[in-house]
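Input: a single structure, listed below in structure tokens.
Numbering (my numbering), first residue to last: 51 to 826.
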């Protein structure tokens, strides 16, 4: 990461100008005398005041999302903008990976299981290509930290990221907004809502984003100018709210997404062996790659939410069907492949062998059904209970284009094909009850039964021209996994005063067993093909949390603080890369984590809003016998028995030619798990005419991260600090502004590939633009 001093200088300058203070939870609406408005969340499947919910939650409002998404950024813009949250991707906009409290999954296959669940309008989005659905026309985002197994079920041991879209209104309203910025970027979205007859309200929302390619591809045969990093994306949502009677609501929703663009740009040898950070070979606007690069995603959804008020209770049904397909191809080796170039293996541009792969989802179908009953009214006892069903059909095709050092096999032709077929079914039964014991004390307990089944088949084949010594092992492998588990939670909330709530919570979460078999590059030919297909057994987590939620200074300040400790048993971990560029699932006996999270909002004077967020997360793998491959393959001719990178872990088995070293990872932190995350925003407005002249700034910081389970000098990033500024004028009906994102042009590595060279990928560059919007 570079430009850290200049970032601090700019922060200090903004602070002295009265702009900056601490970080974001939500752009809370102002009330009389400049206080903070109440924040309503549905973290417990009911509408409640954020301050009354005994869970560590941060919310981000639509206004906040508009600011950090200016210029067309996708859901990754949330990373480090919320305490304990990291979002990254090795697929660009297609496949975001979420981490909460250090728990996530670096797996890059399209059937990857994640411990952070993404819930969009009460529907869980399981597959990675669904999790990248654009964020637009959204009321709020809620980030719930810690296990959420009772009400949200399986695969939520770390927490959930929950999106709630704006709903149809019974009056005519709407908005439109369009921005234009660097790289000819266009970001346009809008919505119109209103009645369509006496008993029907509708809302139509749309998003369009595009950006030109801005990275030159520098090849020996000539430069391809502006060849990479462009995209064109469109998304649409239609909602119809039908009210046949006063106590029956039927919300029908249809959504679609279309993305065309380039895939992640992998950059060869941007790290130097034995050194930290990006090297002089890194140029954000230039890369040398001989492989294909493209990406396409198509997803669509139809859902129905029925709410029937029966007086003492309400019956809620949520039915959803998602379908989709996607393809993404990238140059895995990260550069122009020169076969066995002498003499310096580790010099910029030199790659032991070429590797180019395409991963596709020809077919994805996800059906979910939930039915639950919830009590109504302000009674001492409230409850909810329900049934959940999940059914997924998923096909994946992976293709390899690499020559693997064979000069007779020209690049471009497919020489290995791996087809995966996965069928998953799950159901859950759950219930939760809250007892308001006194005016100050409430107690909640919940329990859920989970049942999961998965059937998996993988077929590996090859082109007849592929080198004979690499044609085996081939064939078909089938696997089945199943498990059932009980998750639960219990919490107690005590209102110490009218403005201070104390709470304690203990929760148990669960991640279902998973299977990984992206066997494009198999083990040695003498090894059975089955060894390339690995299973991650179920993991369980027990989390302990306590905190306070307070409203201070006569409603002008809100401060929330939580501390937590968890034990994750049989932790599912993904060992990526290595000598065969594969994903391998392993289970660690235990991962211990602990930390703190804080959110602050302050309206010190009329027209000013300051927010801050801070988290500290310590994670530790605790398994004395756990090992993994490190630092990819080595070269037999120039550097025998030397690993690709500088390993910091104890070496169990030294590197052999064309094979990685095996290291012990006991005591390591988890990948993509920074110790510290901090974020801060400030907004100040001055009345002018019929409106307000305002300035808004937001900043986010995360400390050092490792990219893999093992530790090395090279495959890490020291820290990242990004900021943005927005200055504009707005009235009740329109808004015009200029903005800058990544103000200091921070250059940070956000991921790496340890296959056959020191390849990495980086954060987005500085962008700027102008925006105009209206609402009615």
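No residue lacks a Cβ here, since even glycine has one placed at the ideal position from N, Cα and C.
Could you compute how far the alpha carbon of residue i sits from the alpha carbon of residue j?
i, j, result
"residue 27", "residue 164", "Because the chain is modelled from 51 through 826, residue 27 falls outside the range shown and cannot be assessed."
"residue 218", "residue 379", "39 Å"
"residue 539", "residue 664", "25 Å"
"residue 811", "residue 748", "24 Å"
"residue 606", "residue 549", "12 Å"
"residue 754", "residue 732", "25 Å"
"residue 766", "residue 368", "42 Å"
"residue 119", "residue 791", "9 Å"
"residue 233", "residue 644", "42 Å"
"residue 225", "residue 784", "9 Å"
"residue 409", "residue 504", "21 Å"
"residue 215", "residue 729", "24 Å"
"residue 819", "residue 813", "18 Å"
"residue 775", "residue 781", "19 Å"
"residue 430", "residue 424", "14 Å"
"residue 769", "residue 383", "25 Å"
"residue 148", "residue 401", "31 Å"
"residue 613", "residue 412", "44 Å"
"residue 565", "residue 497", "27 Å"
"residue 252", "residue 353", "15 Å"
"residue 159", "residue 174", "19 Å"
"residue 703", "residue 678", "10 Å"
"residue 327", "residue 752", "15 Å"
"residue 634", "residue 371", "31 Å"
"residue 650", "residue 815", "29 Å"
"residue 89", "residue 114", "14 Å"
For the beta strand (DSSP E) that residue i lies in, which residues bound it at each end?
i, result
"residue 201", "Segment 199-202 is the alpha helix (DSSP H) holding residue 201; no beta strand (DSSP E) there."
"residue 135", "135-138"
"residue 725", "Segment: none, residue 725 is in no beta strand (DSSP E) and carries neither H nor E."
"residue 827", "Because the chain here runs from 51 to 826, residue 827 falls outside it and cannot be looked at."
"residue 569", "No beta strand (DSSP E) contains residue 569, which DSSP labels as neither H nor E."
"residue 365", "363-380"
"residue 668", "658-671"
"residue 759", "That residue, residue 759, is in no beta strand (DSSP E); it is neither H nor E in DSSP."
"residue 451", "Residue 451 -> no beta strand (DSSP E), and no H or E assigned at all."
Can you list, in chain order, the residues of its chain whose CB lies under 6 Å from that of residue i, leaving out five sequence neighbours each side?
i, result
"residue 507", "471, 528"
"residue 222", "244"
"residue 494", "484, 541"
"residue 696", "324, 762, 763"
"residue 735", "657, 742, 744"
"residue 772", "750, 792, 796"
"residue 97", "90"
"residue 648", "611, 664"
Buried or exposed, going by whether 16 or more other CB atoms sit within 10 Å of the CB of residue i?
i, result
"residue 826", "exposed"
"residue 700", "exposed"
"residue 330", "exposed"
"residue 246", "exposed"
"residue 322", "buried"
"residue 208", "buried"
"residue 563", "buried"
"residue 724", "buried"
"residue 133", "buried"
"residue 525", "exposed"
"residue 295", "exposed"
Less than 7 Å between the CB of residue i and some heavy atom of the ligand SAH, yes or no?
i, result
"residue 558", "Because no ligand of any kind appears in the structure shown, any question about the ligand SAH cannot be addressed here."
In terms of residue numbering, what span does the alpha helix (DSSP H) encompassing residue i cover?
i, result
"residue 178", "178-181"
Using a C-beta cutoff of 8 Å, does residue i count as contacting chain D?
i, result
"residue 641", "The structure shown has no chain D; it contains just one protein chain."
Leaving aside the five residues before and after residue i along the sequence, list all residues of the same chain whose C-beta is less than 8 Å from its C-beta, in chain order.
i, result
"residue 567", "468, 470, 506, 508, 527, 529, 582, 583, 584"
"residue 828", "Outside the modelled stretch of the chain, which goes from 51 to 826, sits residue 828, for which no answer is possible."
"residue 308", "283, 284, 285, 347, 348"
Kindly list the residues whose CB is nearer than 7 Å to the CB of residue i, restricted to its own chain and excluding five residues on each side of it in sequence; keep chain order.
i, result
"residue 122", "235, 237, 259, 261"
"residue 375", "348, 411, 412, 413, 414"
- request: May I ask you to verify whether the stretch 722-742 touches the stretch 293-301, counting CB pairs closer than 8 Å and requiring at least 3?
  value: Too few Cβ pairs lie closer than 8 Å, so no.
field: Contact between the stretch 487-494 and the stretch 438-451 (3+ Cβ pairs under 8 Å)
entry: no
- request: Could you tell me whether the stretch 588-602 touches the stretch 177-190, where touching means 3 or more Cβ pairs closer than 8 Å?
  value: no
- prompt: When the Cβ atoms of the stretch 265-284 are set against those of the stretch 332-346, are three or more pairs found closer than 8 Å?
  reply: Because the criterion of three Cβ pairs below 8 Å is met, the stretch 265-284 and the stretch 332-346 touch.
Segment contact, 8 Å Cβ cut-off, at least three pairs: the stretch 358-365 with the stretch 146-166: no
field: Validate contact between the stretch 595-602 and the stretch 99-108 using beta carbons, cut 8 Å, 3 pairs
entry: yes
- prompt: Contact between the stretch 557-566 and the stretch 187-199: three or more CB pairs below 8 Å?
  reply: yes
query: Hey, is the stretch 139-146 in contact with the stretch 710-718, meaning 3+ C-beta pairs nearer than 8 Å?
result: no
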